[in-house]
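Residue numbers (the numbering used here), protein chains in the order written: chain A, 1 to 191; chain B, 1001 to 1191. Where is the CB? At the ideal position from N, CA and C, for every residue including glycine.
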DNA sequence: TACACATGTTAGTAAGAACTAACATTATAC
DNA sequence: GTATAATGTTAGTTCTTACTAACATGTGTA
């Protein structure tokens, strides 16, 4: 966090995610990092290289997968934990996500990395719902449930991110637990 | 759709929403519109002006509000209609939404226009849920429900938009009706 | 035919951005 | 204290881009 390269990368991530690749100048990044523009080029050679290095810094945590190995098999509690962790991951990576949204014109392998996480996450979710169906807790189609859960969670995150200026009286945390409660009740079998 | 200005504006919207304001050149827009760059400047004076004109073209339909005057007061059916119409509005305006995501560095009044729609929509939703609570159909807090419903809907849209490359086996339509069904069951009172 | 008007073409200006070279300055290690 | 490495400074090159000016071409209308 203290080295020159780190300072530059941090500044780059902030600015790229705010404005997008093209709109940010190297001079700007250097200034934000509190460093001479020359130093930037000495360390990263060129702008695009800096971008790639900045990207490599952020990886979706695989720790997340461990979550699925410590399930309680209680629908509401499990979903709440999953949902919360997912929101954490998204929040931690929000800069890179924004960066991606503003720079998707280039770098296809960039795209692949970003899509790897949600698709793996979906598979984990589907397995979970499959197991819950085997246990007779739910009846719905696991795949559909997984996609729906994934999409809505992403929506919660994204709404709170993009529409932060909307003065809603409800915060994300309340929204999450409320959503999970409704979702749980909505898919639970009852006699 | 046939005038020169329209051709240019259309091209501008496509390119701006794909790449963002800064990354697109006037030459590029002119080429995409099948028109000389000079003609572009003759009509719009400068790039920023073209951007504003392009923005003005897209407005969130107020027709949407009429939907809330023809309610059936059947939870699932109403929500499904609302949800579908909302997805339509979002889809119709997806270019402008993307444009906004890539250009939010400037133009604050731009932001206001974009946020007007979701906040009005949320109020309509809250009124609906309030009335449903009065009728004894649901018990949850109307505000929270409205925000949750809004957020998740936006998430469905956005997921299908951004992550279109994810090869999920479930399409948006299925996802919506499934979500509405679950949501309805989740908030309905039952004996 | 003749005129007006929209568009194309071409050349060019001014500003800004990425990037380089050369030299000056500071800090660190021994 | 001196050598070495990292950083700062300054000036400059090249390229791209927004934008202009002047003139040419074409097209419809009276």
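Where residue i falls: helix, strand or coil (DSSP)
{"i": "residue 1084 of chain B", "result": "helix"}
{"i": "residue 36 of chain A", "result": "coil"}
{"i": "residue 1099 of chain B", "result": "helix"}
{"i": "residue 191 of chain A", "result": "Bear in mind that the predicted position of residue 191 of chain A carries a pLDDT of just 44, short of 50, making it too unreliable to give a figure here."}
{"i": "residue 180 of chain A", "result": "helix"}
{"i": "residue 1171 of chain B", "result": "coil"}
{"i": "residue 1005 of chain B", "result": "helix"}
{"i": "residue 74 of chain A", "result": "coil"}
{"i": "residue 186 of chain A", "result": "helix"}
{"i": "residue 11 of chain A", "result": "helix"}
{"i": "residue 25 of chain A", "result": "coil"}
{"i": "residue 69 of chain A", "result": "helix"}
{"i": "residue 52 of chain A", "result": "helix"}
Partners in chain B for residue i, counting only beta-carbon separations shorter than 9 angstroms
{"i": "residue 20 of chain A", "result": "1019, 1020, 1021, 1022, 1023, 1102, 1103 and 1105"}
{"i": "residue 178 of chain A", "result": "1140, 1141, 1144, 1145, 1147 and 1148"}
Within chain A, partners of residue i - CB distance below 7 angstroms
{"i": "residue 1187 of chain B", "result": "182"}
Within chain B, the residues that residue i reaches when beta carbons sit closer than 8 angstroms
{"i": "residue 174 of chain A", "result": "1144"}
Residue i versus the options, residue with shortest Cα-Cα distance
{"i": "residue 36 of chain A", "options": "A/4, A/24, A/21 and A/20", "result": "A/4"}
{"i": "residue 1065 of chain B", "options": "B/1123, B/1132 and B/1040", "result": "B/1123"}
{"i": "residue 1137 of chain B", "options": "B/1068, B/1186 and B/1151", "result": "B/1186"}
{"i": "residue 1089 of chain B", "options": "B/1184, B/1157, B/1020 and B/1007", "result": "B/1157"}
{"i": "residue 1081 of chain B", "options": "B/1043, B/1125 and B/1098", "result": "B/1125"}
{"i": "residue 95 of chain A", "options": "A/9, A/135 and A/179", "result": "A/9"}
{"i": "residue 1149 of chain B", "options": "B/1181, B/1161 and B/1091", "result": "B/1181"}
{"i": "residue 33 of chain A", "options": "A/139, A/85 and A/7", "result": "A/7"}
{"i": "residue 1052 of chain B", "options": "B/1016, B/1068, B/1079 and B/1083", "result": "B/1016"}
{"i": "residue 1069 of chain B", "options": "B/1128, B/1175, B/1132 and B/1117", "result": "B/1128"}
{"i": "residue 1193 of chain B", "options": "B/1012, B/1172, B/1144 and B/1134", "result": "No information on residue 1193 of chain B is available, as it lies outside the stretch 1001 to 1191 that chain B covers here."}
{"i": "residue 1063 of chain B", "options": "B/1073, B/1152, B/1117 and B/1039", "result": "B/1117"}
{"i": "residue 1192 of chain B", "options": "B/1171, B/1093, B/1188 and B/1101", "result": "For chain B, the structure presents residues 1001 to 1191; residue 1192 of chain B sits outside this window and is missing."}
{"i": "residue 1048 of chain B", "options": "B/1101, B/1022, B/1067 and B/1031", "result": "B/1022"}
{"i": "residue 100 of chain A", "options": "A/83, A/152 and A/19", "result": "A/19"}
{"i": "residue 1176 of chain B", "options": "A/144, A/175, A/41 and A/92", "result": "A/144"}
{"i": "residue 154 of chain A", "options": "A/179, A/31 and A/132", "result": "A/179"}
{"i": "residue 1132 of chain B", "options": "B/1160, B/1146, B/1120 and B/1115", "result": "B/1146"}
{"i": "residue 121 of chain A", "options": "A/85, A/92, A/97 and A/91", "result": "A/85"}
{"i": "residue 1075 of chain B", "options": "B/1130, B/1098 and B/1115", "result": "B/1130"}
{"i": "residue 98 of chain A", "options": "A/134, A/25 and A/159", "result": "A/159"}
{"i": "residue 1092 of chain B", "options": "B/1072, B/1046 and B/1161", "result": "B/1161"}
Within chain A, partners of residue i - CB distance below 8 angstroms
{"i": "residue 1086 of chain B", "result": "By Cβ distance, chain A contributes nothing, its closest Cβ being about 12 angstroms from residue 1086 of chain B, past 8 angstroms."}
Closer than 7 angstroms: residue i CB and nearest the ligand GDP heavy atom
{"i": "residue 178 of chain A", "result": "Annotation note on the ligand GDP: not contained in the displayed structure, which lists no ligands."}
Under 7 angstroms by beta carbon: chain B residues contacting residue i
{"i": "residue 74 of chain A", "result": "Near residue 74 of chain A there are no residues of chain B at all, since even the closest Cβ is about 17 angstroms away, more than 7 angstroms."}
Anything in the segment 133-162 of chain A with a Cβ closer than 9 angstroms to a Cβ of chain B? List those residues in chain order, please.
If you check each beta-carbon in the segment 133-162 of chain A against every beta-carbon of chain B, the ones closer than 9 angstroms belong to 140, 141, 143, 144, 145, 146, 147, 148, 150, 151, 152, 153, 154, 155, 156, 157, 158, 159, 160 and 162.
Ranges of the alpha helix (DSSP H) found wholly within the segment 1106-1157 of chain B, counting only runs of at least 4
DSSP runs (the alpha helix (DSSP H)) wholly in the segment 1106-1157 of chain B: 1108-1134.
According to a CB-to-CB cut-off of less than 9 angstroms, which residues of the segment 1115-1128 of chain B neighbour chain A?
Here the close residues are 1115, 1118, 1119 and 1122.
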